[in-house]
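Participant: What the sequence shown shows, in UniProt numbering, is residues 1 to 406, in sequence order.
Beta carbons are placed, not taken as given, at the ideal position from N, Cα and C, and that holds for glycine.
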Amino acid sequence: MASIRFIHAADLHLDSPFKGMTELPQEMLEQLRESTFAAFDQLINYAVETKPDFVLIVGDVYDGEERSLKAQMRFQSGMEKLNDAAIPVFVTYGNHDHLNGKWTRFALPANVFEFGGQVEDVCIDIRGRRVVLHGFSYAERHIKERMIDSYPVAEDRDVLHIGLLHGSAAGDETHAVYAPFTIADLVSKRYDYWALGHIHKRQILHEEPMVVYSGNLQGRHRNERGSKGFYEVELDGHETKLNFVSTSSVVFERVEVSCKGIQHANEWFSACMEAIDSFTYENGSAIVEIILTDVEEMTMELFSQSGMDEWLHALREMAAEREPFAFVQKIHIVQTSKLHAAYEPLVESVLQQIDSWTTEQWKGILEDLYGHAQAGRFLDRLHSEDLMEIRKDAEKLLYVEMSKLK
1 MASIRFIHAA DLHLDSPFKG MTELPQEMLE QLRESTFAAF DQLINYAVET KPDFVLIVGD
61 VYDGEERSLK AQMRFQSGME KLNDAAIPVF VTYGNHDHLN GKWTRFALPA NVFEFGGQVE
121 DVCIDIRGRR VVLHGFSYAE RHIKERMIDS YPVAEDRDVL HIGLLHGSAA GDETHAVYAP
181 FTIADLVSKR YDYWALGHIH KRQILHEEPM VVYSGNLQGR HRNERGSKGF YEVELDGHET
241 KLNFVSTSSV VFERVEVSCK GIQHANEWFS ACMEAIDSFT YENGSAIVEI ILTDVEEMTM
301 ELFSQSGMDE WLHALREMAA EREPFAFVQK IHIVQTSKLH AAYEPLVESV LQQIDSWTTE
361 QWKGILEDLY GHAQAGRFLD RLHSEDLMEI RKDAEKLLYV EMSKLK
């Protein structure tokens, strides 16, 4: 029988506010704030050009339960374009844009099917091939129960079955755990493809059948690195082909710069800008963290002559002159010199103390920051990756400060 072709997208987060990015120059900040819309436009334009059989959007179309007017207008406009191209769209809403939120209602065109608050099935015909879609939208923000138990087992093997599920694998705490499931749960339903949302990292959890997170369309902070986008899926009941399509308007990434042999400031700036230019040439506008490797004693002595904030500010000024833009968010030092070895026991003792802190102790240490009336509302939930970054920053700061004592 003929194959079908569809788009699997999720986590659009239209009109994301991009908290904590106030250091960006105004022009760059505006481009970043428009990036979720630019990524969505790329999805729509690709669909109109390639004409898939249908489009799946698996949760978190909007960034918040209030669904801003701007976000709804842009989404409706995109759906109208797909309607004009006779492309059906099937949408589930997730924890960010659940059905119990308060928003001004927009009527979507007839090509859009919105799943309700309970698992339901939708049957469509694609050139004589029956396809059944199974999915649900979040009725409330916090869905802790195992919604997977409400999905029916596929009995008719002449029909293609596709599951839409916005949730997380049990035990995966990279995001808040909602609508939990196991891989075995999904496989037991005998579907031909599982289109997942909620986790922003693109990944394939299982191959037969394909269980896939498409990730989000646009990275929103430094923990969402790399190119983002959606999957174009070709399915015939025997074989599944995936084609990743990038939509990122701005890419978050880490860029390595070797400092081997560097002993003068102009050499260091040149090495950094060469690496940044190479990255933006391949990826477009970017917000990068510079990872300095092969840092020898003479380079550490160079850094000690000025504060790291001054080095960062100067590098930002140079990068801001480039097109497409690059903003340097942080500088990390990976030191391999004799100086590193000399101070390693002392640094390790401090890091061991940091490693011994429990989650409750971390909360106590950061209580003033997260409890601050003004600053607290701009901070995202603290994840284990954030704690690792704090540890790395502490290690870097210790070595830089010790180099000044030499």
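Rounded to the nearest angstrom, what separates S337 and W357 at their Cα positions?
Facilitator: Any answer about S337 is weak, because its pLDDT of 49 lies below 50 and its placement is not dependable; what the coordinates show is given next. Cα to Cα, the separation comes out at about 29 Å.
Participant: Please identify the residue among F230, L235, E310 and M21 whose C-alpha is closest to the C-alpha of F269.
Facilitator: Measuring from the Cα of F269, the nearest candidate turns out to be E310.
Participant: When the Cα of Q263 is compared with those of F279, L205, E296 and K228, which residue comes out closest?
Facilitator: Residue E296 is the option with its Cα nearest to Q263.
Participant: Is there a Cβ of chain B sitting closer than 9 Å to that of R202, yes or no?
Facilitator: Judged by its chain identifiers, the structure shown contains no chain B, having just a single protein chain.
Participant: Going straight from the alpha carbon of E256 to that of I287, what length do you get?
Facilitator: Computed Cα separation, rounded: 14 Å.
Participant: Take S258 and list the residues in its own chain whose beta-carbon comes closer than 6 Å to its own, dropping the five residues that flank it on each side.
Facilitator: Cβ neighbours of S258 beyond the five flanking positions: T293 and D294.
Participant: Judging by CA-CA distance, which residue of L82, F37 and Y193 is the nearest neighbour of K241?
Facilitator: For K241, the nearest C-alpha among the options comes from Y193.
Participant: Leaving out five residues before and five after T280 in sequence, what residues of the same chain have Cβ atoms less than 6 Å from its Cβ?
Facilitator: Excluding residues within five positions, the ones whose Cβ falls inside 6 Å are A286, P324 and A326.
Participant: Using the C-alpha atoms, what's the distance from P209 back to A107?
Facilitator: The alpha-carbon atoms of A107 and P209 are separated by roughly 35 Å.
Participant: Give every residue of the same chain whose Cβ lies closer than 7 Å to the Cβ of L14, excluding the five residues on either side of it in the sequence, and list them in chain order.
Facilitator: Contacts found: T36, F37, F40, V61, Y62, D63, A71, R74 and F75.
Participant: Beta-carbon separation of E145 and H134 under 9 Å?
Facilitator: The answer is no: Cβ separation not under 9 Å.
Participant: Assuming P52 contacts I87 (C-beta within less than 8 Å), just tell me the rounded distance between them.
Facilitator: Their Cβ separation, rounded to whole angstroms, is 7 Å, which keeps P52 and I87 in contact under 8 Å.
Participant: Go through its chain and collect everything with a Cβ distance to S150's Cβ below 6 Å, but skip five positions before and after it.
Facilitator: The residues are V119.
Participant: From what residue to what residue does the beta strand (DSSP E) around N45 run?
Facilitator: Not the beta strand (DSSP E): N45 falls in the alpha helix (DSSP H), residues S35 to T50.
Participant: Which residues does DSSP list as the beta-bridge partners of R190?
Facilitator: The partner list for R190 (beta bridge, DSSP) is empty, contrary to what the question assumes.
Participant: Fully enclosed by the segment 245-291, which beta strand (DSSP E) runs are 3 residues long or longer?
Facilitator: Counting whole runs of 3 or more residues, the segment 245-291 contains the beta strand (DSSP E) stretches 251-258.
Participant: Evaluate H198 with the Cβ neighbour count: other Cβ atoms within 10 Å of its Cβ, from every protein chain shown; 16 or more gives buried, anything less gives exposed.
Facilitator: By the 10 Å Cβ count, H198 comes out buried.
Participant: Rounded to whole angstroms, how far is the Cβ of H8 from the Cβ of A195, which I believe are closer than 8 Å?
Facilitator: With a Cβ gap of about 4 Å, H8 and A195 count as contacting.
Participant: Within the segment 132-217, note down every full alpha helix (DSSP H) run reaching 4 residues or more, in order along the chain.
Facilitator: For the segment 132-217, whole alpha helix (DSSP H) runs of length 4 or above, ordered along the chain, are 183-188.
Participant: Between the segment 180-193 and the segment 223-230, do at least 3 Cβ pairs fall closer than 8 Å?
Facilitator: With the cut-off at 8 Å, the segment 180-193 and the segment 223-230 do not touch.
Participant: Tell me A9's beta-bridge partners as DSSP assigns them.
Facilitator: In the DSSP output, where bridge partners are listed per residue, A9 has I57.
Participant: Take the Cβ of A139 as the centre, count every other Cβ of all protein chains shown within 10 Å, and call the residue buried at 16 or more, exposed below.
Facilitator: Exposed: under 16 other Cβ atoms inside 10 Å.
Participant: Which one or two residues does DSSP pair with K241 in a beta bridge?
Facilitator: K241 is bridged to E234.
Participant: Between R220 and the rest of its own chain, which residues show a CB-CB distance below 7 Å, the 5 nearest in sequence each way excluded?
Facilitator: These residues qualify, in order along the chain: H13, S16 and F18.
Participant: Quick check on E224: does DSSP put it in helix, strand or coil?
Facilitator: Here E224 sits in coil by DSSP.
Participant: Since C272 and I291 should fall inside the 8 Å C-beta cutoff, what is the C-beta to C-beta distance between them, to a whole number of angstroms?
Facilitator: In fact, because the Cβ distance is near 11 Å, the residues do not count as touching under 8 Å.
Participant: For E65 and E253, what's the separation of their Cα atoms in angstroms?
Facilitator: If I take the Cα positions, the gap works out to 29 Å.
Participant: Find the nearest neighbour of M318 within the set E274, G307, S77 and M79, judged by alpha-carbon distance.
Facilitator: Of the listed residues, the one whose Cα sits closest to M318 is E274.
Participant: From the DSSP output, which residues share a beta bridge with F18?
Facilitator: In the DSSP output, where bridge partners are listed per residue, F18 has none listed.
Participant: Classify V350 as helix, strand or coil using the three-state DSSP reduction.
Facilitator: Three-state DSSP puts V350 in a helix.
Participant: Output yes or no for whether 9 Å exceeds the beta carbon distance between L235 and I57.
Facilitator: Against a cut-off of 9 Å, the Cβ pair of I57 and L235 comes out as no contact.
Participant: Taking the alpha-carbon positions, what's the M308 to I333 distance?
Facilitator: About 10 Å.
Participant: Using a threshold of 9 Å, state whether the C-beta atoms of I124 and L82 are closer than that.
Facilitator: Not a contact, by the Cβ cut-off of 9 Å.
Participant: Starting from Y62, follow its DSSP beta bridges and name the residues at the other end.
Facilitator: L14.
Participant: Hey, how far is the Cα of A2 from the Cα of R67?
Facilitator: Using only the alpha carbons, I get a separation of about 39 Å.
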